[in-house]
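Residue numbers (the working numbering), protein chains in the order written: chain C, 2 to 211; chain G, 13 to 120; chain E, 9 to 704. The beta-carbon is built from N, C-alpha and C at its ideal position, and this holds for glycine as well.
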Amino acid sequence: MKRAPTHSYPGLNLGRRHASADKASEVVTFGFWVFLMSDLVYFGLMFAIYITMIDAQAGGPGPHELYDLKSIFAQTLILLTSSLTVGLAMLALKYNLPRARIVLWFGVTLVLGLSFLVLEIRDFMAMADKGGIPQRSGFLSAFYGLVPLHGLHVATGCIWLIVLGIQLRLFGLTDRLMSRVVRLALFWHFLDLIWIGIITIVYFGGLSYG
Amino acid sequence: MDKRSEMHRRERRRYIVGYGGSLLLTLAVFTIAYKYGIQTKGVYLSIALLGLAQLIVQLVYFLHIDRRRSSREDLDLVLFSTLVLLIIILGTVWIMGNLAVRMHTYPM
Amino acid sequence: MTTAETGFFGRLSWDAFPIAGLIQTPNANEIVANSAAAVVLVGVVAVVGLLTWFRLWGPLWRDWLTSADHKKIGIMYIVFAIVMLARGVLEGVVMRAQQAAGPGDGFLEAEHFAELFSTHGTIMIFFVAVPFVFGLANFLIPLMIGARDVAFPVMNQISLGLTVSAGMMLMVSLVVGEFSTGGWTAYPPYTGAAFNPGVGPDYWIWAIVVSGIGTTLTGINFAVTIYKLRAPGMKFMRLPMYCWTIICSSILIVFAMPPLGVAALMLAADRYLDFHFFTNDLGGNMMNYANLFWLFGHPEVYLLVLPAYGIYSEVFSTFSAKRLYGYNSLVIATMSIAVLSFTVWLHHFFTMGQSALINAVFGIATMLIAIPTGVKVYDWMATLYRGRIRFSVPMLYGLAFLMLFVIGGLSGVILANPTVDYQVHNTLFLVAHFHNVLLPGVLFGLLAGYNYWFPKAFGFRLNEFWGRITVLLWTFGFMLTFLPLYFVGLMGMPRRSFSWENPDFHPYMIVAVLGALVILLALLSVIVQLWISIRDREKTRVPVGDPWDAHTLEWSIPAPPPPYNFAIIPQVTDRDDFAAAKERGAAYPTPDAYEDIAMPRNTGIGFLLCVLSGIWMFALVWWIWWLAALMTVLIILSFIAWTFQTDTEEVIPADEVRKQHQAWLDLVHNSTPVDRDYEAAPENRGLARPDLEAAT
Numbered sequence: 002m003k004r005a006p007t008h009s010y011p012g013l014n015l016g017r018r019h020a021s022a023d024k025a026s027e028v029v030t031f032g033f034w035v036f037l038m039s040d041l042v043y044f045g046l047m048f049a050i051y052i053t054m055i056d057a058q059a060g061g062p063g064p065h066e067l068y069d070l071k072s073i074f075a076q077t078l079i080l081l082t083s084s085l086t087v088g089l090a091m092l093a094l095k096y097n098l099p100r101a102r103i104v105l106w107f108g109v110t111l112v113l114g115l116s117f118l119v120l121e122i123r124d125f126m127a128m129a130d131k132g133g134i135p136q137r138s139g140f141l142s143a144f145y146g147l148v149p150l151h152g153l154h155v156a157t158g159c160i161w162l163i164v165l166g167i168q169l170r171l172f173g174l175t176d177r178l179m180s181r182v183v184r185l186a187l188f189w190h191f192l193d194l195i196w197i198g199i200i201t202i203v204y205f206g207g208l209s210y211g
Numbered sequence: 013m014d015k016r017s018e019m020h021r022r023e024r025r026r027y028i029v030g031y032g033g034s035l036l037l038t039l040a041v042f043t044i045a046y047k048y049g050i051q052t053k054g055v056y057l058s059i060a061l062l063g064l065a066q067l068i069v070q071l072v073y074f075l076h077i078d079r080r081r082s083s084r085e086d087l088d089l090v091l092f093s094t095l096v097l098l099i100i101i102l103g104t105v106w107i108m109g110n111l112a113v114r115m116h117t118y119p120m
Numbered sequence: 009m010t011t012a013e014t015g016f017f018g019r020l021s022w023d024a025f026p027i028a029g030l031i032q033t034p035n036a037n038e039i040v041a042n043s044a045a046a047v048v049l050v051g052v053v054a055v056v057g058l059l060t061w062f063r064l065w066g067p068l069w070r071d072w073l074t075s076a077d078h079k080k081i082g083i084m085y086i087v088f089a090i091v092m093l094a095r096g097v098l099e100g101v102v103m104r105a106q107q108a109a110g111p112g113d114g115f116l117e118a119e120h121f122a123e124l125f126s127t128h129g130t131i132m133i134f135f136v137a138v139p140f141v142f143g144l145a146n147f148l149i150p151l152m153i154g155a156r157d158v159a160f161p162v163m164n165q166i167s168l169g170l171t172v173s174a175g176m177m178l179m180v181s182l183v184v185g186e187f188s189t190g191g192w193t194a195y196p197p198y199t200g201a202a203f204n205p206g207v208g209p210d211y212w213i214w215a216i217v218v219s220g221i222g223t224t225l226t227g228i229n230f231a232v233t234i235y236k237l238r239a240p241g242m243k244f245m246r247l248p249m250y251c252w253t254i255i256c257s258s259i260l261i262v263f264a265m266p267p268l269g270v271a272a273l274m275l276a277a278d279r280y281l282d283f284h285f286f287t288n289d290l291g292g293n294m295m296n297y298a299n300l301f302w303l304f305g306h307p308e309v310y311l312l313v314l315p316a317y318g319i320y321s322e323v324f325s326t327f328s329a330k331r332l333y334g335y336n337s338l339v340i341a342t343m344s345i346a347v348l349s350f351t352v353w354l355h356h357f358f359t360m361g362q363s364a365l366i367n368a369v370f371g372i373a374t375m376l377i378a379i380p381t382g383v384k385v386y387d388w389m390a391t392l393y394r395g396r397i398r399f400s401v402p403m404l405y406g407l408a409f410l411m412l413f414v415i416g417g418l419s420g421v422i423l424a425n426p427t428v429d430y431q432v433h434n435t436l437f438l439v440a441h442f443h444n445v446l447l448p449g450v451l452f453g454l455l456a457g458y459n460y461w462f463p464k465a466f467g468f469r470l471n472e473f474w475g476r477i478t479v480l481l482w483t484f485g486f487m488l489t490f491l492p493l494y495f496v497g498l499m500g501m502p503r504r505s506f507s508w509e510n511p512d513f514h515p516y517m518i519v520a521v522l523g524a525l526v527i528l529l530a531l532l533s534v535i536v537q538l539w540i541s542i543r544d545r546e547k548t549r550v551p552v553g554d555p556w557d558a559h560t561l562e563w564s565i566p567a568p569p570p571p572y573n574f575a576i577i578p579q580v581t582d583r584d585d586f587a588a589a590k591e592r593g594a595a596y597p598t599p600d601a602y603e604d605i606a607m608p609r610n611t612g613i614g615f616l617l618c619v620l621s622g623i624w625m626f627a628l629v630w631w632i633w634w635l636a637a638l639m640t641v642l643i644i645l646s647f648i649a650w651t652f653q654t655d656t657e658e659v660i661p662a663d664e665v666r667k668q669h670q671a672w673l674d675l676v677h678n679s680t681p682v683d684r685d686y687e688a689a690p691e692n693r694g695l696a697r698p699d700l701e702a703a704t
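1. Measure the alpha-carbon distance for E:G694 versus E:I213 and round it to whole angstroms.
2. Check whether the Cβ atoms of E:M169 and E:G222 lie closer than 9 Å to each other.
3. Please decide whether G:V121 counts as near chain C, where near means a Cβ-Cβ distance under 9 Å.
4. Along the beta strand (DSSP E) that carries E:P608, what are the first and last residues, could you check?
5. By Cβ distance, which residues of its chain are closer than 6 Å to G:M19, with the 5 residues on each side in sequence left out?
6. In whole angstroms, give me the CA-to-CA distance for C:S212 and C:L169.
7. When DSSP labels each residue in this structure, what does E:A696 get in the three-state scheme?
8. Label E:H677 either buried or exposed according to how many other C-beta atoms from any shown protein chain fall within 10 Å of its C-beta, with 16 as the threshold for buried.
9. Taking the alpha helix (DSSP H) that E:E591 belongs to, which residues open and close that run?
10. Just the C-alpha distance for E:V580 and E:M245, rounded to the nearest angstrom, thanks.
11. Going by C-alpha distance, which of G:Y46, G:A60 and G:F92 is nearest C:G198?
12. Rounded to the nearest angstrom, what separates C:S9 and G:L87 at their Cα positions?
13. Using 8 Å as the threshold, is the region 333 to 343 of chain E in touch with the region 286 to 297 of chain E, meaning 3 or more CB pairs across them?
14. Per DSSP, what kind of secondary structure is E:R549 in: helix, strand or coil?
15. So does E:A456 have its beta carbon nearer than 8 Å to some heavy atom of the ligand GTP?
16. Check E:W730 in the structure and name its three-state DSSP category.
17. Measuring only the C-alpha atoms, how far is E:G15 from E:M517?
18. I'd like to know whether the C-beta atoms of E:E691 and E:S400 end up nearer to each other than 9 Å.
19. List the residues of chain E that G:R114 touches, going by C-beta distances under 8 Å, in chain order.
20. What are the boundary residues of the beta strand (DSSP E) that E:I660 is part of?
21. Just curious, the alpha helix (DSSP H) that E:F574 is in, first and last residue?
22. Assuming contact is defined by CB atoms lying nearer than 9 Å, are E:G523 and E:F484 in contact in what I supplied?
23. Do you know whose CA, among E:P448, E:F462, E:Q107 and E:M501, lies nearest E:M487's CA?
24. According to DSSP, what are the bridge partners of E:T435?
25. Which bits of chain E does G:I107 rub up against, with CB to CB less than 8 Å?
26. Tell me whether the beta-carbon of E:P150 lies closer than 9 Å to the beta-carbon of E:T233.
27. From which residue to which residue does the alpha helix (DSSP H) around G:Q51 run?
28. Counting only C-beta atoms, is G:I17 closer than 9 Å to chain E at any point?
29. Does the beta carbon of G:D86 come closer than 9 Å to any beta carbon on chain C?
30. With a 10 Å radius around its C-beta and 16 neighbouring C-beta atoms as the bar for buried, classify E:V53 as buried or exposed.
31. Could you check where the alpha helix (DSSP H) with C:R181 kicks off and where it finishes?
32. Report the neighbours of G:L67 on chain C: residues whose CB is nearer than 7 Å to its CB, in chain order.
33. With a CB to CB cut of under 7 Å and the five nearest residues on each side skipped, what residues in its chain are close to E:V479?
34. Using a Cβ cut-off of 8 Å, pull out every chain E residue sitting near C:Y43, in sequence order please.
35. Between the alpha carbons of G:V113 and E:F147, how many angstroms are there, rounded?
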């Protein structure tokens, strides 16, 4: 079966490489999609719990006292930009761009991911100072069940990025590694999608309702 | 080689367009929030719709989900997941909201 | 004691061992508890001893524990499931004995009885039904679709490791500490820290979380395998029915396991970190838990029963010597059930207090499921109709299923009516209902599959006589045990009561305990059948591989299959491809050329993660924080280290493949085909004479 020249997964058209690697990569990527959808249900449920518990503030601090939209705005821009840079990193690998470009885009992505985490943790600490700790109320439990879960995913993405960097250095760009880079990019984009859900439902939803 | 660099340009453009679109939508959302506050239903509705638009932009431009044959399987998967997710979330909110009203759990 | 102030061994102390209780208060209750612990310990010592005596550690490690072969992983799943089944059945018998010993308090203490029904439910669902289903599916899926392995062989091994380590936690809870008393559903706030500060619910939580991860990974694996690895020509509408049920099950797993994981982790957050998801104070809401749990719980029962439907479809078709009737309608029915099963979860808590409208909506959705299920039952009956039926063991299970399952299904339709449900909620009527669908539905199906595919896996048939005895014992044991519970349920006897007073219940309880003893005999009979079959294996060998004149691809290869399954990947042209080939006289073709075959190399990562996750769970249950942290780091590091491995495949040279395949083809050509009349006779070497009369 002849495959069309353009492919669904960015970077999947390994072109000069042989077809079996292409097929294997397609299988793994589809499997990763299925995993992401399972993960999506995790997040979906946490969103549902947050919505049902938004009133359960039990006299504790609510969204208006706790949320800092400026910081959220900064985090949004950082995460969005990192989604672009991870894509560019993948393209740089795929089209054999000079090594400096590859390192640059991977490096920028990692720095953006880490600064997102730093800002997020600063937010949590600021919330804790105002009494916004998960032990305070059902509403805060739901908040801390959801937003740090996303943060944990970003942290996982950062570790993955570092491990992949080391492997690329050790083994060069093999088919297997290229397929992993593709999956990392998918994962990163997926986290961006979840983040859109978080700003819309957790932050804006919380502020408009609570 | 020429064809490859052409493809490279095309794929890169795709990312940049997606980024630009997402950026605009994000700015719009935050501008609305600052300018009008988010206390009224109408404002929140428009924020939610812009969020939805951004989801679609990113799905199309970053995750390459569209109606081409090669990504049909992923599209089917995403659509089915959305269906299940909607059942789960809307069902949960419906049930728990109804319980809250009937049990006077929270001030509604 | 709070989570902060714990020593080197956390909250683990001498009192955690049941023997301490026996010394302090020797009574029947403690004797039962200690016997259970002793059985676990004796079992472990016996297994270790036997392995050492027969010098089997090496082969066990090389051929099984580190293998990434889907067939071996499948067999290991089933062995694990049968071991856990033995424990689950024993617990059931003790529970029935306790209730039969009434009126009054029986011989067990309330706490102990509660532990029994909690472990019984948890084990039977998560560590018997699920691994048994996965074991069969693991073994069969690649063989049925013409693939060499599942999509992710190593992930498959990891799934097994996680499931087993979680199951081991339930065994450990017999010896160290106690298990949850909160039922298999573990509803808070009863299982919350305020009411249940002990280790019991923690054992439940971590066993569920870890096995849940394993299950999710398996679901992804099966879905991708069937989606992407089908042999050329194997279109979706040519898939064997069993594969259809597995793909639907996998979808259910992928979308329904997360709610369970979320619920269990939120309960853990409440218990360990003082969150307020489900507590009584500060805005917690336990009804969120019920909602989450059943978002998982309802799809769960379908993910168990759909594969059993698949097995029955194959069995009815083969042993009636007919094509499956109504294939398309069965496919549509299976998919409808899968989707509908996401829309009915509320029927598990009709009595929680939501409005009549919501109850009505979910009640109607529940009743709708009866329609596709009914379609299936009629399709199976139409498959039997005018077939040349052989009453072999799998077929007998199938017939018992058809009759009994309809009763169970109809009692489900009764329960789907909220007004009726209000009357019988939480009574033994419900217990009778779900055992009525789970035993004849799931367990009989799995046992039918075990009898049906055993010769494929091991190369010899199971003993027919003892197989029939087993069917009889299971069937009558089931009827005696559970049909009386419908009546006491209607009379108002609550489930999970360790003590009761109404003398009218007594006769039913006596019948039920007799039934439980028959089920115990059925379990023994399974073991006897296996023992005798192994003893007489020389007389029942079927090396050619098709002992039942069956229809699907897995029967077109040797029994047991070679590690690479298919010497040549088949080209599929028909739904019952192998049957069609036999009719044309084109079965067992001699290929023109052979190729090198790359297979996944052995790896110890699954076993390593099994051990590490086991210690991790134990440390968390007993608050041994340093150990839990250490294990977390080790788990992450070993996973990362594994990704650094580059040499993951080994190649079987084409010459080797050719030699093996030719030897087998010679055997095929030198064997005498047997008629169906001699199916159970020693002459049946696995080469079938096509039943031309029935085929036309």
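So, to answer that:
1. 47 Å
2. Strictly speaking, residue 169 of chain E in this sequence is Gly, with Met absent from that position. In this structure, E:G222 lies closer than 9 Å to E:G169 by Cβ.
3. Residue 121 of chain G falls outside the range modelled here, since chain G spans only 13 to 120, and no answer is possible.
4. I605 to P608
5. none
6. Outside the modelled stretch of chain C, which goes from 2 to 211, sits residue 212 of chain C, for which no answer is possible.
7. strand
8. exposed
9. D585 to R592
10. Each residue's Cα considered, the two are about 12 Å apart.
11. Nearest of G:Y46, G:A60 and G:F92 to C:G198, Cα basis: G:A60.
12. Bear in mind that a pLDDT of 40 at C:S9, under 50, signals an unreliable position, so the number given afterwards is only what the model happens to contain. So the alpha carbons of these two residues sit roughly 10 Å apart.
13. no
14. strand
15. By its list of ligands, the structure shown contains no ligand whatsoever, and the ligand GTP lies outside what it can speak to.
16. The question about residue 730 of chain E has no answer here: the residues shown for chain E are numbered 9 through 704.
17. 47 Å
18. no
19. G361, Q362 and S363
20. E657 to I660
21. Unbroken run through E:F574: none, as it is neither H nor E.
22. Yes, the pair counts as a contact, with Cβ atoms nearer than the cut-off.
23. Per the Cα distances, E:P448.
24. Looking at the DSSP assignment, E:T435 forms a beta bridge with E:P502.
25. N299, L354, Q362 and I366
26. yes
27. Boundaries cannot be given for G:Q51, as no alpha helix (DSSP H) includes it and DSSP labels it neither H nor E.
28. A quick correction: the sequence has Ser, not Ile, at residue 17 of chain G. No, because no Cβ of chain E sits closer than 9 Å to the Cβ of G:S17.
29. At least one beta carbon of chain C lies nearer than 9 Å to the beta carbon of G:D86.
30. exposed
31. Its alpha helix (DSSP H) spans residues D176 to G198.
32. L194 and I197
33. Counting only residues of its own chain and dropping the five nearest sequence neighbours on each side, E:V479 has a CB closer than 7 Å to the CB of V401, L404, Y405 and A408.
34. Those within 8 Å of C:Y43 in chain E are P266, G269 and V270.
35. 51 Å
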